[in-house]
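Just so we're aligned, residue 1164 is where the sequence shown starts under this note's numbering, counting upward by one.
Where a beta carbon is used, it is the ideal one built from N, C-alpha and C, also for glycine.
Because the structure is a prediction, the values reported are computed rather than measured.
Below is one structure; the comments refer to it alone.
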Amino acid sequence: MKQFKSPTLPAHIADNGMKSIAFFLDGEEQQDLDSAPWHQAGHLPQASFSLAHNQQGIYLKYKVSEQHVLTRYKNINDPVYKDSCVEFFIAFGDDKNYYNFEFNSLGTALCGYGGSKTDRFDLPVDIAATINTLSTTIPQDAETGLYNWELTLFFPFSVFVHHNKLDLKEQACRVNFYKCGDDLPEPHFLSWVPIEHPYPEFHLPEQFGSVVFV
């Protein structure tokens, strides 16, 4: 099983806000979203993430470089996977259900919980709204023609509404991380853990990897 370790975010970093958190995550180990089992031709984006945690929640930063950026959706629980999108799926302990958190490059969130793609419930809008976001998009590079964007996220433990009193210290959780864009001129589907499936599908918890919160 593919695995990595999540460091603890120092309290003074968290207290200084999202820009400070984003800077800290820049210095942590970057995990590449380098599995593209359904890619056949055309441009393939580059994407990576870094992760940290503390007693307040989970901190995550994505870095993306791609040829097209689409940002149409502005409301929580809109279908942001059709835009330029990054995703984070996580399951705690022995729970067969998992959370899916999906964001376009603006930070618009789609959040759900359940045991499969067809057995899911959207998280309440007021809960999803407590996820802090910081998005940055750099203008198109004149030489490469690529757009570069970053998204930093803070998930307070209260977001995980089906799990009370979470304590992640020295715990392992099942996870996967993704990059997609269903409605882009060249749709793509990237993942951290390689996926074995005949067509694009991210809701496969049996193929999640693992993160250890140290």
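Requested in this report: Can you give me the start and stop residues for the alpha helix (DSSP H) that K1182 sits inside?
Outcome: Where K1182 is concerned, the enclosing alpha helix (DSSP H) stretches over 1181-1189.
Query - Under 9 Å between C-beta atoms of G1344 and H1231 - result: yes
Report task. Provide the residue(s) that pair with I1176 in DSSP beta bridges, ordered along the chain. Result -> In the DSSP output, where bridge partners are listed per residue, I1176 has none listed.
Query raised in the report: Exposed or buried, E1265, counting other C-beta atoms within 10 Å across all chains shown (16 or more means buried)?
Result: buried
Query raised in the report: Where do the N-terminal and C-terminal ends of the beta strand (DSSP E) with D1285 fall, by residue?
Result: 1283-1285
Query raised in the report: Alpha carbon to alpha carbon, what distance is there between L1188 and W1312?
Result: 15 Å
Report task. Use the C-beta contact count for A1292: other C-beta atoms within 10 angstroms, 16 or more gives buried, fewer gives exposed. Result -> exposed
Query raised in the report: Would you say the beta carbon of Q1209 comes nearer than 8 Å to a heavy atom of the ligand NAD?
Result: With respect to the ligand NAD, the structure offers nothing, as it holds no ligand at all.
Query raised in the report: Looking only at C-alpha atoms, which of K1342, H1360, L1367 sits nearest to Y1225?
Result: K1342
Report task. State buried or exposed for P1208, treating a residue as buried only when at least 16 other CB atoms are found within 10 Å of its CB. Result -> buried
Requested in this report: Kindly indicate the opening and closing residues of the beta strand (DSSP E) around I1294.
Outcome: Segment: none, I1294 is in no beta strand (DSSP E) and carries neither H nor E.
Query raised in the report: With a Cβ-Cβ cutoff of 9 Å, do F1352 and P1363 count as a contact?
Result: It is a contact, given that the beta carbons lie within the stated cut-off.
Query raised in the report: Would the region 1191-1210 and the region 1277-1296 be scored as touching if the rule is three or more Cβ pairs under 8 Å?
Result: no
Query - Span of the beta strand (DSSP E), counted from its first residue to its last, around A1272 - result: Where A1272 is concerned, the enclosing beta strand (DSSP E) stretches over 1272-1277.
Requested in this report: Taking I1253 as part of the beta strand (DSSP E), name the residues at either end of that continuous run.
Outcome: Looking at the DSSP string, the run of the beta strand (DSSP E) that includes I1253 is 1248-1254.
Query raised in the report: Where are the beta strand (DSSP E) runs, 3 residues long or more, that stay fully inside the region 1334-1360, in chain order?
Result: 1334-1343, 1352-1354
Query raised in the report: Around the Cβ of I1184, are there at least 16 other Cβ atoms within 10 angstroms (buried) or fewer (exposed)?
Result: Here I1184 is buried. Its C-beta has 16 or more other C-beta atoms within 10 Å.
Query raised in the report: Looking only at DSSP bridge pairs, what is V1375 linked to?
Result: K1168, A1335
Query - Reference E1359; option with closest CA among L1347, Q1370, T1307 - result: The candidate whose alpha carbon is nearest that of E1359 is Q1370.
Query - Run of the beta strand (DSSP E) containing S1211, from where it starts to where it stops - result: 1209-1216
**Report entry** Cβ-based burial, C1333 [other Cβ within 10 Å; buried from 16]
**Finding:** Note on residue identity: the sequence assigns Glu, not Cys, to residue 1333. By the 10 Å Cβ count, E1333 comes out exposed.
Report task. With a threshold of 16 other CB atoms inside 10 Å of the CB of N1339, please say whether the residue is buried or exposed. Result -> Classification for N1339: buried.
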